[in-house]
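In UniProt numbering, the protein residues as written are 1 to 80.
Note that CB positions come from ideal geometry on N, CA and C, so glycine has one too.
Below you'll find the structure, written out as structure tokens, and then a few comments.
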Ligand SMILES: [Zn+2]
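Structure (structure tokens):
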């Protein structure tokens with residue numbers, strides 16, 4: 001994983017976005033989301049072949065993106 005100032009760089013949008021840790025209150029799950037392209041991951045293995053689009057991810061679980069309660073847990077989740 002590529003880091004920028006201790007934050008994980010999104011492998012999908014080529015350095016434009018950073019991956020933040022979030023909690024989806026509706027689902028009681030932790031999810032990792034790019035702040036730029038909304039690629040998302042369900043665990044800390046943030047690799048290009050494993051991302052899901054956040055909107056699609058939520059909708060397959062019956063939640064609309066605009067209604068989802070997503071809590072920002074910050075960018076400092078990745079410990080080297
Ligand atoms: Zn991205």
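Using a Cβ-Cβ distance cut-off of 8 Å, the stretch 67-79 and the stretch 17-30 are in contact, since at least three pairs of beta carbons, one from each stretch, lie closer than that value. The beta carbon of residue 3 is closer than 8 Å to those of 9, 78, 80 in its chain, skipping five residues each way along the sequence. Secondary structure within the stretch 15-64: the alpha helix (DSSP H) runs of 4 or more consecutive residues, fully enclosed, are 54-60 (chain order). For residue 70, same chain residues with a beta-carbon under 6 Å away, outside a window of 5 residues either side, are 22, 24 in chain order. Taking all protein chains shown into account, residue 45 has fewer than 16 neighbouring C-beta atoms within 10 Å of its C-beta and is therefore exposed.
Boundaries of the beta strand (DSSP E) around residue 72: 70-72. When the five nearest sequence neighbours on each side are left out, the beta carbons in the same chain lying within less than 7 Å of the beta carbon of residue 17 are those of 10, 34, 35, 36, 37, in order along the chain. Residue state for residue 7 is assigned as strand, using DSSP reduced to three classes.
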